[in-house]
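Undergrad: One structure, pasted below without further comment.
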Amino acid sequence: MMNRMLPRRAVAWAGAVLALWLPLKAAQAAGERVEVVRIATVAYPNEGRTAYNGAAAVIAGRGWLEKDLQKLGIRLEWVPVPVQSVGASVNEAFANRSIDFAAYGDLPSVILNSNGVETRLIVPGGKGNNVYLVVPEGSAATSIRDLKGKRIALHRGRPWEFSFTRLLEANGLKLSDFKIANLNPQAGAAALAAGNVDAFVALSDAFLLADRGLGRIIWSTKLPDQGWKMRAELWGAKDFVERHPEIAQVVANAYVRAAHWISRDENAAEFIRLSAASGHPESTLRQEYADDSVGWKARWEPAFDAALADHYRHVAGYALDARLIRKAPDTDRLFDARFVRAALKELQLESYWGAPPAAPRAGR
């Protein structure tokens, strides 16, 4: 009787884990046993504990992935990465094979693959996060043109650099038209507050400056029809994914499940509360999500679509032009959409975000 009362999604989820268990056991019997899966993600100290952001906060908090891997005899290890050095830290970890997966940004991922360390995009991170341009409260600047020749705080090589350069291109400007101070977000915010720079390229910390009367936002990627948001996705080491697709599927299922959970309106408040463990007030996070051209549900859709492919082609082109890389990778080959397709089917979410778009040409 109790089995008949189980929700259909719960039954489907249990069946999915069982389906993955059988080929995994066969691989382990062949001498390829995996004892631990290591996932790098942005982390913050919070009252003596480690707090994560985004999907990782939900997955770790609810224990989904840890439990599913335990059923397969595999231990989950979260590898915390400080926000000040996400791209460099993750790229180094992928290069020395100390991690198997990582949730991090677009530009560092392209840089890594251009250097011959191959990874694959396993689960897209929705429609992206916003980037802001902040000036001191007393500044007369109202647009990027007003800042030509001025000093701007920008952390080079981070995902929001690409978003900012799209703004420059749209206005006929280049990075060389400004005096760029290569500062991490914390240092950039402090420099703006102290009057040491004329503008700061920021994430949601822009609202902290505005709420304290220290800064004013004059531009953001919330504007419609730009496609300039910064992106962060779940990436997997190519060799690990190819050797252990069953494990990659378990990980992908958890991230797709988290995207679905976050996207439901009734969970928005709890997700914001979880995200506030990063040190940002809930009011700041609510401002980040408010008045956006992308709706809440759509924001979290893990879609391999034409917009994703176009975004990464532009990122690679920018990295090459900016001499961050010597050779641009074929970005279409970085996508491995099979895991999201399978996850949506197994979790009965194929029509949740609407009919799936045609996937871009991918490596698989």
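Take the sequence shown: its letters are residues -29 to -1, 1 to 335, numbered as in mature numbering (1 follows the signal peptide of the UniProt record, and there is no 0).
Where is the CB? At the ideal position from N, CA and C, for every residue including glycine.
Quantities reported herein were computed from a predicted structural model and do not represent experimental measurements.
Measuring CB to CB, does ALA170 end up less than 9 Å from LEU78?
TA: The residue given as residue 170 occupies position 199 in the sequence shown. The residue given as residue 78 occupies position 107 in the sequence shown. Cβ distance not < 9 Å, so ALA170 and LEU78 don't count as in contact.
Undergrad: Would you be able to state if there are at least three C-beta pairs under 8 Å between the region 224 to 237 and the region 146 to 163?
TA: No: the two stretches stay apart, fewer than three of their Cβ pairs being nearer than 8 Å.
Undergrad: Any idea if LEU320 is buried or exposed, counting beta-carbon neighbours within 10 angstroms, 16 or more meaning buried?
TA: Within the sequence shown, residue 320 is the residue found at index 349, counting from 1. Buried: at least 16 other Cβ atoms inside 10 Å.
Undergrad: Could you tell me whether the Cβ atoms of ALA26 and ALA73 are closer together than 9 Å?
TA: As a working note, residue 26 is residue 55 in the sequence shown. As a working note, residue 73 is residue 102 in the sequence shown. Cβ atoms of ALA26 and ALA73: not closer than 9 Å.
Undergrad: Only counting runs of 3 or more residues, tell me where the beta strand (DSSP E) segments fall wholly within the region 4 to 92, in order along the chain.
TA: The qualifying runs are 7 to 17, 20 to 23, 46 to 53, 72 to 76.
Undergrad: Does the beta-carbon of ALA111 have 16 or more other beta-carbons within 10 angstroms, so that it is buried, or is it exposed?
TA: Locating residue 111 in the sequence shown gives position 140, counting from the first residue. Result: exposed.
Undergrad: Leaving out five residues on either side along the sequence, give the residues of the same chain with a beta carbon under 8 Å from the beta carbon of ASP263.
TA: Within the sequence shown, the letter at position 292 stands for residue 263. Only ASN101, LYS193, ARG270 meet the Cβ criterion.
Undergrad: Suppose only complete runs of 4+ residues qualify. What are the alpha helix (DSSP H) ranges in the region 242 to 327, listed by chain order?
TA: Complete alpha helix (DSSP H) runs here, min 4: 253 to 260, 267 to 270, 277 to 292, 309 to 317.
Undergrad: Per DSSP, what kind of secondary structure is PRO95 in: helix, strand or coil?
TA: Locating residue 95 in the sequence shown gives position 124, counting from the first residue. DSSP places PRO95 in coil when its eight states are reduced to three.
Undergrad: Look up TRP199 in the DSSP assignment and say whether it is helix, strand or coil.
TA: In the sequence shown, counting from the first residue as 1, residue 199 sits at position 228. Coil at TRP199, not helix or strand.
Undergrad: Rounded to a whole number of angstroms, what is the C-alpha to C-alpha distance between TRP324 and LYS268?
TA: In the sequence shown, the residue the question calls residue 324 occupies position 353. In the sequence shown, the residue the question calls residue 268 occupies position 297. Going from the Cα of TRP324 to the Cα of LYS268 covers about 8 Å.
Undergrad: My output table needs one value for SER108: the three-state DSSP class, helix, strand or coil.
TA: Taking the first residue of the sequence shown as 1, we reach residue 108 at position 137. Going by the sequence as given, residue 108 is Glu instead of Ser. In this structure, GLU108 counts as coil in the three-state DSSP scheme.
Undergrad: Relative to the C-alpha of LEU43, which residue among SER134, VAL222, LEU174 is closest?
TA: Position 72 of the sequence shown holds residue 43. When only C-alpha atoms are compared, the closest one is VAL222.
Undergrad: What does a CB cutoff of less than 7 Å around GLY95 pick up in its chain, not counting 5 residues either side in sequence?
TA: Residue mapping note: residue 95 aligns to position 124 of the sequence shown, counting from 1. A small correction: the amino acid at residue 95 is Pro; Gly does not occupy that position in the sequence shown. Once the five neighbours on either side are set aside, the close Cβ partners of PRO95 are GLU204, PRO273, ALA274, PHE275, LEU279.
Undergrad: How many Å lie between ILE115 and HIS285 at the Cα?
TA: In the sequence shown, counting from the first residue as 1, residue 115 sits at position 144. In the sequence shown, counting from the first residue as 1, residue 285 sits at position 314. Approximately 21 Å between the Cα atoms of the pair.
Undergrad: Nearest CA to the CA of LEU315: which residue from HIS231, LYS298, ALA277?
TA: Within the sequence shown, numbered from 1, the residue matching residue 315 stands at position 344. Closest by alpha carbon: HIS231.
Undergrad: Give the C-beta separation of PRO300 and ALA308 to the nearest angstrom, bearing in mind that I take them to be a contact with Cβ-Cβ under 8 Å.
TA: Looking up residue 300 in the sequence shown gives position 329. Looking up residue 308 in the sequence shown gives position 337. Contact doesn't hold; Cβ gap of about 17 Å is too wide.
Undergrad: Ignore the nearest five residues each way along the sequence and tell me which others in VAL311's own chain have a CB closer than 7 Å to its CB.
TA: In the sequence shown, residue 311 corresponds to position 340, counting from 1. Closer than 7 Å at Cβ, skipping near neighbours: VAL94, ALA223, VAL227, PRO273, PHE275.
Undergrad: Helix or strand or just coil, what does DSSP make of PHE149?
TA: Residue mapping note: residue 149 aligns to position 178 of the sequence shown, counting from 1. Correct three-state label for PHE149: coil.
Undergrad: Taking DSSP's pairing of strands, which residues face ASN100 in a bridge?
TA: One-based indexing of the sequence shown puts residue 100 at position 129. Beta-bridge pairing links ASN100 to MET201.
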